[in-house]
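Have a look at the structure below, then the notes.
Number of protein chains: 2
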Amino acid sequence: MNDVARLAGVSIKTVSRVVNDEPGVHPSTAERVLAAIDQLGFRRNLSARNLRRGSSTGTIGLVLEDVGNPFYSGVTRAVEEIARLRGRQVISGSSDEDPGRERELALEFCSRRVDGLLIVPAGLQHSYLVPEMRAGTPVVFLDRPAGDVVADTVLVDNIGGTVEAVTHLASHGHRRIAFLGDAPDIFTANERLRGYREGCVRAGIGYHEELVAMGPHDESSVSTTLQRLQTMREPATAVVAGNNRITVYVLRSLAGVAERPALVGFDDFELADLLSPPVTVIAHDASALGKAATDLLFARLDGDNSPPRRVVLPVRLVPRGSGEVHA
Amino acid sequence: MNDVARLAGVSIKTVSRVVNDEPGVHPSTAERVLAAIDQLGFRRNLSARNLRRGSSTGTIGLVLEDVGNPFYSGVTRAVEEIARLRGRQVISGSSDEDPGRERELALEFCSRRVDGLLIVPAGLQHSYLVPEMRAGTPVVFLDRPAGDVVADTVLVDNIGGTVEAVTHLASHGHRRIAFLGDAPDIFTANERLRGYREGCVRAGIGYHEELVAMGPHDESSVSTTLQRLQTMREPATAVVAGNNRITVYVLRSLAGVAERPALVGFDDFELADLLSPPVTVIAHDASALGKAATDLLFARLDGDNSPPRRVVLPVRLVPRGSGEVHA
DNA sequence: GGCCACTATGACAACGTTGTCCCCCAGCGG
DNA sequence: CCGCTGGGGGACAACGTTGTCATAGTGGCC
């Protein structure tokens, strides 16, 4: 800006006025300034501007588990969409389920003075965010609740979803329904397990420990588990898969197997309808999740300071075939 | 920092020293300062710091077509991974194939003084970036080349890939091979069309205009096209799909159809191996693409100022079944 | 006692902007 | 001719940091 001012033969304040379209600059002066800007390839430094004005940085921080997971990339897209409408950029990072990394990312974003923070928690402790929240940075938790702070949260109906999955399978005659879930310290995994258990009880088929295998899972652990489930004394005739990754592992393990258990997966995924049999899922909308959370965040930025809210988004069972096989 | 200094009864410079772990502060003073920091929930303002130090902002700008597309979210993940190792955050945005939006995002990132820019170009004109590049911001183009500037570019072997697809189908006896591509003004779509044409010529089956349908495509246009292709005088017995979205549209259109043409899709996708028949694809690695581009960017940041490079990553045909059906 | 070396600390400017206030000067009415 | 008005423009401080330099105090050595 200094250089521009020198080249145009004006003070830097005048350049500032031109750049900001402020009135009170003679058209011919403005033209000289614009020419100088063009010649020098000047671009206003947003950091300095925001610093001086004490205004927002126009950024939103997004901490999720893995941007590469289609579910979270759907969330990211929705967040970006809304942020864009409100003139904000999104800075994102993946925690890979590592609480330390989550914290590092979140605090780094705070140092950058993001206008707000969206977090898919990896850990259970979020008191480290208290100073930031008190300082006025709104924080919304996404997909999972915060550990030890009261804050806005947007979840999906994990329990209701798995209850429905079990009920659905039971209504098709299954009495030996297995559950393959993610690591039990992950909130959603635990909730879904609870839903599974409740579903079993409600269906009157009882809860049997030996039908449950919590993760972390990979392809081979799922494969082993399935074999065990199918060769036990009273074999499982149906499986509920606890998330999209596990569903895919199950499908891979079952590829080419003649005797397939019925299957309902939590999380919808592309092409589920084109597999044979098409996969019945508990669907919920990544973009709805992202949208709800971002809307909530912006409401806070707009001055809404009602007590923290907890939004639970509905899920729905999409019957496609794999879950309608009779026992 | 001012408040912290006041509370601790020291000058702000001393606070700065403590925050930056600079030597020469008496332990007892440091302790007082740390206590004050803790009490006030102080966090250093990174913008101000970077401004003062004239140092990098520690950010990388990433402009892509759609963060929600699994292909690009794979790219994003790889970029993030490497940026993280080098202590950078990633700011990303989706252009949705709109050149104006691409430009807006890129320039916004420049205003934020990103250390470097990764761009999946939507438009053909990139001279708007010349001032920025001259000012020292390295720019790497990804997946598609820049329009009218010479710059680092990382591509995949689009032509080679489609040549291979056609050759593969021809070697299984197909002589009427159709090509469904994206809008021809998209670089990759055009390249793949060229590869298709060259493949046809090499295979000695000739290039026939009526077997080509360029997009933009949606599910219904693909469906209509396929019907036309299968009912023409000499029907197509095989299809090359120009990208992952089109492949999915083709699969949906063919669901339940008895007479299925052979299919090879450009881009690999999850579950391709579990469909029936499993889908043969031209695979290339999103994360390799992101990694190559980011590596190149960091090389520039490290001072490499050799002439702009163009990297072409290999693709490989993965035969799975859908492309090995005989004519 | 005088001088030096060294430690701990602070004052001040500067990074690139913008908000505030002030000045200069042309034009105009009396 | 004087004073007022208003448009155009500049000087300067400030945003929150950090780099540079200065300074006060302390202890040791001749």
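Chain order of the listed sequences is A and B. In terms of the UniProt record's numbering, the first sequence is residues 1 to 327. In terms of the UniProt record's numbering, the second sequence is residues 1 to 327. Cβ coordinates follow ideal geometry from the N, Cα and C atoms, glycine included.
In chain A, what lies closer than 8 Å to residue i by C-beta?
i, result
"B/ASN45", "LEU51, SER111, ARG113"
"B/THR167", "By Cβ distance, chain A contributes nothing, its closest Cβ being about 27 Å from B/THR167, past 8 Å."
"B/THR57", "SER47"
"B/GLU102", "What B/GLU102 touches in chain A: nothing, since even the nearest Cβ is about 13 Å away."
Within 8 Å (strictly less), CB to CB, does residue i reach chain A?
i, result
"B/SER127", "no"
"B/ARG252", "yes"
"B/THR224", "no"
"B/ALA241", "no"
"B/ARG134", "yes"
"B/LEU274", "yes"
"B/LEU124", "no"
"B/LEU271", "yes"
Helix, strand or coil for residue i, going by three-state DSSP, please let me know.
i, result
"B/PHE179", "strand"
"B/VAL201", "helix"
"B/LEU275", "coil"
"A/ILE186", "coil"
"A/VAL311", "strand"
"B/MET269", "The residue asked about is misnamed: residue 269 of chain B is Phe in this sequence, not Met. If DSSP states are grouped into helix, strand and coil, B/PHE269 belongs with coil."
"B/ALA165", "helix"
"A/ALA170", "helix"
"B/ALA258", "coil"
"B/VAL250", "helix"
Looking only at C-alpha atoms, which of the options sits nearest to residue i?
i, options, result
"A/PHE42", "B/ARG112, B/VAL150, B/ASP267, B/HIS168", "B/ARG112"
"B/ARG175", "B/LEU155, B/LEU129, B/ASP295, B/THR237", "B/THR237"
"B/MET133", "B/ASP115, B/ARG144, B/PRO145, B/ALA122", "B/ASP115"
"A/ARG44", "A/GLU164, A/THR76, A/PRO23, A/ALA5", "A/ALA5"
"B/ASN69", "A/ARG52, A/LEU64, A/THR76, A/THR167", "A/THR76"
"B/ASN158", "B/ILE60, B/GLY136, B/GLY181, B/LEU40", "B/GLY181"
"A/ASP185", "A/ARG49, A/THR59, A/GLY24, A/PRO121", "A/PRO121"
"A/ASN190", "A/ARG144, A/ALA203, A/THR231, A/VAL166", "A/ARG144"
"B/ALA203", "B/LEU193, B/ARG192, B/PRO261, B/THR167", "B/THR167"
"A/ASP273", "B/ARG260, B/TYR249, B/SER287", "B/TYR249"
"B/GLU198", "B/GLU259, B/GLY160, B/SER306", "B/GLY160"
"B/VAL264", "B/VAL139, B/SER73, B/VAL240", "B/VAL240"
"B/ALA36", "B/GLY242, B/SER11, B/ARG103, B/ASP302", "B/SER11"
"B/SER276", "B/ALA151, B/ALA293, B/ALA8, B/ALA258", "B/ALA258"
"A/ASP285", "A/THR162, A/ASP302, A/ASP267", "A/ASP267"
"A/LEU124", "A/ASP148, A/GLY323, A/SER221, A/ILE177", "A/ASP148"
"B/THR57", "B/ARG88, B/SER28, B/ASP38", "B/ARG88"
"B/PRO278", "B/ARG192, B/ARG320, B/ARG252", "B/ARG320"
"B/THR59", "B/GLN39, B/ALA30, B/ARG84", "B/ARG84"
"B/LEU142", "B/THR188, B/GLU164, B/ALA170", "B/THR188"
Flag residue i as yes if its beta-carbon sits less than 8 Å from any beta-carbon of chain B, otherwise no.
i, result
"A/GLN227", "no"
"A/VAL248", "yes"
"A/GLU80", "yes"
"A/ALA255", "yes"
Residue i versus chain B: which residues are under 7 Å apart at the beta carbon?
i, result
"A/GLU108", "GLN89"
"A/GLU164", "What A/GLU164 touches in chain B: nothing, since even the nearest Cβ is about 24 Å away."
"A/GLY74", "GLY68"
"A/PRO131", "GLY41"
Starting from residue i, find everything on chain B with Cβ-Cβ shorter than 8 Å and list it in chain order.
i, result
"A/ARG77", "ASP66, VAL67, GLY68, SER94"
What in chain B is Cβ-close to residue i, meaning under 9 Å?
i, result
"A/LEU34", "Within 9 Å Cβ-Cβ: nothing; A/LEU34 doesn't reach chain B, min ~14 Å."
Which residues in chain A sit within 7 Å of residue i, going by Cβ to Cβ distance?
i, result
"B/PRO319", "Near B/PRO319 there are no residues of chain A at all, since even the closest Cβ is about 17 Å away, more than 7 Å."
>> For a minimum of 4 consecutive residues, which ranges assigned as the alpha helix (DSSP H) are wholly contained in the segment 208-248 of chain A?
In response: Taking only runs of at least 4 residues, the alpha helix (DSSP H) segments lying wholly in the segment 208-248 of chain A are 219-231.
>> List, from N- to C-terminal side, the alpha helix (DSSP H) runs of 4 residues or more that fit wholly inside the segment 84-158 of chain A.
In response: Within the segment 84-158 of chain A, the alpha helix (DSSP H) runs of at least 4 residues that lie entirely inside it are, in chain order, 99-111, 130-134.
> Curious, which full-length alpha helix (DSSP H) runs of at least 4 residues does the segment 5-82 of chain B contain?
Replying inline: Runs of the alpha helix (DSSP H) inside the segment 5-82 of chain B: 12-19, 27-40, 46-53.
> In the segment 280-324 of chain B, which residue ranges form an unbroken alpha helix (DSSP H) of at least 4 residues, counting only runs that do not cross its ends?
Replying inline: Runs of the alpha helix (DSSP H) lying entirely within the segment 280-324 of chain B, each at least 4 residues long, are 286-301 in chain order.
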